[in-house]
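These notes concern the structure reproduced below.
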Amino acid sequence: MSKLPAPQFPDPSAAPVDCAELIARWEAVLTRAPRLRPWLEQTIRQRRVLLHESARGSIERVLWIELERWVRQFEALPQFAVSAIAVTVESPGEQRSPAVSERVNAVHHAASPERAIGESEALLQDPAFALAFHCVETRVRPALHEPPPATAWFGILHASARPQPLLTSEVAVGLVLRVLSAEWSRLPPSTRKAALRLFQATQADLRAAERLRAICDALPWEIEPDVFVAGAARARASLQEACALFARVAAVARPTQRGGLAVLQVDRAAPATPAELAELSETARKFSTMTGLRRLLALL
Amino acid sequence: MDMISLDVAAIWTRILSVTAGACTAAGAPGPGTRISGKAAVTWLEGPWLAIFDFAALRRAEREVVETWLRDYAEPLLLVRHLLLAKPLTGEVFVELTPQAIETMPEGWRDAPRPILFLAPAGRTTRERRAQYLDALVRLRIPLVSGGSELWGVREFDADLLVAIAQLSTAAGRAAFRGSIDPSQLHLFDQQLPAAEAAVLDDLVGGRDEEGAVSLDVDAVSSLHPGAHPLAVFAAVERAHNRRRGEKERTHFAGRTIEARLAARGYPEPVRPCTDEFAQRAGPLLPDEMQRVFEASELLSHR
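Here the protein sequences line up with chains Z and P, keeping their order.
According to my numbering, the first sequence is numbered sequentially starting from 1.
According to my numbering, the second sequence is numbered sequentially starting from 1001.
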């Protein structure tokens, strides 16, 4: 196999430390998995464009830091995996650029405020998720008692839902809860775990005061266990109401005009009442910049 | 190969949901599922075997997905620690794909390996799961000799998988782009690779999130660090199923399916948690303690 040209690495003068060793490590990885080469080139180009858009700090320096992180990921791959990447490289025809890029993207899917905003904006442009947003705003949020803050309740409610591989009303509402709970995802795992355990606690568990106290101590909020458990019951009930409302409003959409709502696996539900539809119009007025709500109203 | 007619609005909504975090596959742990912070693949060296079940897919859907797997996605699943068997279209059998044979580690086939059935959500019947079980019990090869403790079912969104497979072709993308709202085109170009990555990650459990079951899996696993995550999940799934109504019960673990079909252990006698176990388990809440105790008991009944 002929040696492919070296990828266009970032400007060496911007590297935080001597980059020669890093380049050598990349070359070693690329020798083992040549299919990564076009991916790496494209990824560097794409990252550079994205960093230009957010325009903060030295772009080349950031790229070096990312390259250093990625190479560790690839070096850690087992040999059979590297063979798997390499096995198709000699096949004629196109060299698909994504290759394993999505794996790396997924690995680095770290929650950042910018990313969270981008995710929620993209999601809420869609009528289905705009509807879910309406249900959260009108059913879940008013039922929450702080502390913990609403964003934590949203995160807990999302995490406590059963994972489902199809798009149901529960999944749609849960997803909106997820994008509204960026702060929750930034809590340490031990804190999130403690909050989830407390959320699962029943009235019977309240008798185990000492254990509950230990869990509460791991939380960043000042809250008594019984208050939290009662709040959790209200939150759960409000989530059920939100999902039911979602199904009722979705049932109003005409079959020929359902748009994205068509993908939803909604059980037969009674259609929303005029009062509930008026409530939706009110949310659309309140969040007038949300295009998804306008699109939703057009489907009904 | 014929193109599938995609519902553009519906698929676009689904893609948006997936890139925002909705899962496209769920069920038993995959090699990428994290148990107490460690990927499940680390319990037993080497990749897991994955068997796609396409029996419930239409022929055109099967062709699109099989071509995508063969020409594009299989290496991407390999790097996610999954070796593929040839997809099932009827009878259940285990036959590795040519790429899997070429890349499997030496001696991989000569020992028991974790096995994942990847079944289309909403299109798989209970009878079909019985067929998985029958086939694995019948086979006398080392690969499946770990028994039901080492296999499980993950269900995936078949409609989305078909769409992602079709959108990986230039013609498929062009047709889709021609039907989408022009203001969304830039977003579509950004979201499609992310959605594809999410689908692949979900098949292996790489995006599985913390939840009620995973908390118990972590707790039981820390008490039985040598037990394979699939075995731990099986025990936890049954402890949870005991507390669920018939409709809410899940049947993702091999042991659960086996026990249901054999009617063995139903109704199951449940012992109350012992003091000795409670001391060993640490500070769990009473209900949680009882569930973890039951799962631990099930785990030790091999």
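The C-beta atom is built at its ideal place from N, Cα and C for all residues, glycine as well.
Source: prediction; values computed, not measured.
Residue i burial status per 10 Å Cβ neighbour count (16 or more: buried)
i: residue 142(Z); result: exposed
i: residue 1003(P); result: exposed
i: residue 217(Z); result: exposed
i: residue 238(Z); result: buried
i: residue 108(Z); result: Note on residue 108(Z): pLDDT 36, under 50, position unreliable in the model; the coordinate value appears next. With fewer than 16 Cβ atoms within 10 Å of its Cβ, residue 108(Z) is classed as exposed.
i: residue 164(Z); result: buried
i: residue 1093(P); result: exposed
i: residue 1101(P); result: exposed
i: residue 1141(P); result: exposed
i: residue 1030(P); result: buried
i: residue 1137(P); result: exposed
i: residue 221(Z); result: exposed
i: residue 1246(P); result: exposed
i: residue 286(Z); result: exposed
i: residue 31(Z); result: exposed
i: residue 1033(P); result: buried
i: residue 1079(P); result: buried
i: residue 279(Z); result: buried
i: residue 13(Z); result: exposed
i: residue 1206(P); result: buried
i: residue 1226(P); result: exposed
i: residue 1178(P); result: exposed
i: residue 1274(P); result: exposed
Strand pairing of residue i, partner residues [DSSP]
i: residue 1116(P); result: 1050(P) and 1152(P)
i: residue 1096(P); result: 1085(P)
i: residue 1034(P); result: 1039(P)
i: residue 1025(P); result: 1156(P)
Other residues of its chain near residue i: CB distance less than 7 Å, five sequence neighbours each side excluded
i: residue 248(Z); result: 269, 270, 271, 272 and 276
i: residue 1164(P); result: 1195, 1196 and 1199
i: residue 124(Z); result: 130, 133, 290 and 292
i: residue 1046(P); result: 1105, 1108 and 1113
i: residue 232(Z); result: 199
i: residue 215(Z); result: 194, 197 and 198
i: residue 1161(P); result: 1065 and 1199
Residue i - DSSP class collapsed to helix/strand/coil
i: residue 1069(P); result: helix
i: residue 1058(P); result: coil
i: residue 102(Z); result: Confidence at residue 102(Z) is low in this model, with a pLDDT of 34, below 50, so its placement is unreliable and no value can be given for it.
i: residue 15(Z); result: coil
i: residue 111(Z); result: At residue 111(Z), the pLDDT of 47 sits below 50, so the modelled position is not reliable and the matter cannot be decided from this model.
i: residue 1253(P); result: strand
i: residue 147(Z); result: coil
i: residue 167(Z); result: coil
i: residue 216(Z); result: helix
i: residue 1180(P); result: coil
i: residue 1204(P); result: helix
i: residue 1020(P); result: coil
i: residue 1225(P); result: coil
i: residue 223(Z); result: coil
i: residue 287(Z); result: coil
i: residue 281(Z); result: helix
i: residue 162(Z); result: coil
i: residue 1122(P); result: coil
i: residue 1186(P); result: helix
Own chain residues within Cβ distance below 8 Å of residue i, not counting five before or after
i: residue 136(Z); result: 154, 173, 176, 177, 180 and 242
i: residue 229(Z); result: 198, 201, 202, 203, 205 and 206
i: residue 263(Z); result: 128 and 167
i: residue 1036(P); result: 1218, 1221 and 1222
i: residue 1280(P); result: 1223
Spatial neighbours of residue i in its chain, beta-carbon cut-off 6 Å, leaving aside the 5 residues before and after
i: residue 1109(P); result: 1143
i: residue 1148(P); result: 1254, 1255 and 1258
i: residue 1298(P); result: 1235 and 1238
i: residue 1084(P); result: 1050, 1074, 1097 and 1100
i: residue 1015(P); result: 1191 and 1195
i: residue 1295(P); result: 1220, 1235, 1236 and 1239
**Request:** Give the residues from the segment 158-188 of chain Z that approach chain P closer than 9 Å (Cβ to any Cβ), ordered along the chain.
**Result:** 158, 159, 160, 161, 162, 163, 164, 165, 166, 167, 171, 172, 174, 175, 176, 178 and 179
**Item:** Interface residues of the segment 1131-1162 of chain P facing chain Z [CB-CB below 7 Å]
**Value:** 1155, 1156 and 1157
**Prompt:** For the segment 1003-1025 of chain P, which residues have a CB atom closer than 8 Å to at least one CB atom of chain Z, in sequence order?
**Reply:** 1007, 1009, 1010, 1011, 1012, 1013, 1014, 1016, 1017, 1019, 1020, 1021, 1022, 1023, 1024 and 1025
**Prompt:** In chain order, what residues of the segment 1108-1132 of chain P put their CB closer than 7 Å to some CB of chain Z?
**Reply:** Those residues of the segment 1108-1132 of chain P that come within reach of chain Z (Cβ to Cβ, closer than 7 Å) are 1121 and 1122.
**Request:** May I ask you to list, following chain order, the residues of the segment 1271-1300 of chain P that have a beta carbon less than 8 Å from some beta carbon of chain Z?
**Result:** 1283, 1284, 1285, 1286, 1287 and 1288
**Prompt:** Quick one, which residues of the segment 1210-1235 of chain P are near chain Z if we go by CB-CB under 7 Å, in chain order?
**Reply:** 1210, 1211, 1212 and 1215
**Message:** If the cut-off is 9 Å on Cβ atoms, which residues from the segment 121-155 of chain Z count as contacting chain P, listed in chain order?
**Reply:** 122, 123, 125, 126, 127, 128 and 129
**Message:** Can you pull out the residues from the segment 1177-1190 of chain P whose beta carbon lies closer than 7 Å to at least one beta carbon of chain Z?
**Reply:** 1187
**Request:** Could you run through the segment 207-226 of chain Z and flag, in chain order, every residue whose CB is less than 9 Å away from some CB of chain P?
**Result:** 207, 208, 210, 211, 212, 214 and 215
**Prompt:** Along the segment 27-45 of chain Z, what residues have a CB closer than 7 Å to any CB found in chain P?
**Reply:** So nothing in the stretch comes that close.
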